[in-house]
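Quick note, the working numbering runs 1460 ahead of the 1-based positions in the sequence shown. We treat Cβ as the ideally placed atom computed from N, Cα and C, and that holds for glycine. Here the structure is a predicted model, which means the values were calculated and not measured. Below is one structure, written out as structure tokens; comments come after it.
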Amino acid sequence: MDLLSQLNEDLKTAMKARNKLELNVIRSLKTGVMNEKIELGHDLTPDEEVAVVSRGLKQRKESLTEFEKADRQDLADDTKAEIAIVEKYMPAQMSEDEINNVVKETAQQVGATSKADFGKLMGAVMPKVKGKADGKLVNQAVKNLLS
């Protein structure tokens, strides 16, 4: 089942359960997918769908950080619940060990050995882990390997 179909099914379920928070999050994701579909002019590929959901997840994580800085626990709690809902639509995330293994293999393939090769290595690793690993974790793994 593609993402849009899954979102429609979950939207119906959330409506029947009268779950406002889940309803708002799913509507937001569905809107993002539909806007991207219109913008690109074709049905989205699974990678493009993951990119849309990743953007939604990233926005919520950034909001959570800001709410916690501002000591707004009420908003932070809501955002944490939203993040949990969005994560259901993301592919399974890689562990740190898996990320480190991908970084090491890629470093050998592209011949990255020093800090000067950081950009080259990041450029080669990110397409391999897109949607499956947080960019911050990948960045840290690359820095650790090259230092």
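If I measure Cβ to Cβ from Asp1577 and keep anything under 7 angstroms in the same chain, skipping five residues before and after, which residues do I get? Sequence index remark: in the sequence shown, residue 1577 carries index 117 (1-based). The residues are Leu1606.
Nearest-angstrom Cα distance between Lys1476 and Ser1574? What you label residue 1476 is simply residue 16 of the sequence shown in a count that begins at 1. What you label residue 1574 is simply residue 114 of the sequence shown in a count that begins at 1. So the alpha carbons of these two residues sit roughly 56 angstroms apart.
With 16 other CB atoms within 10 Å as the buried threshold, where does Thr1539 fall? Here residue 1539 is taken as the residue at index 79 of the sequence shown, counted from 1. Taking all protein chains in view, the Cβ of Thr1539 is crowded by 16 or more other Cβ atoms within 10 Å, so the residue is classified as buried.
Would you mind stating whether Met1554 and Val1562 have Cβ atoms separated by less than 9 angstroms? Position 94 of the sequence shown holds residue 1554. Position 102 of the sequence shown holds residue 1562. Taking 9 angstroms as the Cβ cut-off, Met1554 and Val1562 qualify as a contacting pair.
From Leu1524 to Glu1565, what does the alpha carbon distance come to, in whole angstroms? To locate residue 1524, count along the sequence shown from 1; it is residue 64. To locate residue 1565, count along the sequence shown from 1; it is residue 105. Whole-angstrom Cα-Cα distance: 34 angstroms.
Taking the alpha-carbon of Ile1486 as reference, which of Val1570, Lys1497, Ser1465 has the nearest alpha-carbon? Indexing the sequence shown from 1 puts residue 1486 at position 26. Minimum Cα distance to Ile1486 is reached at Ser1465.
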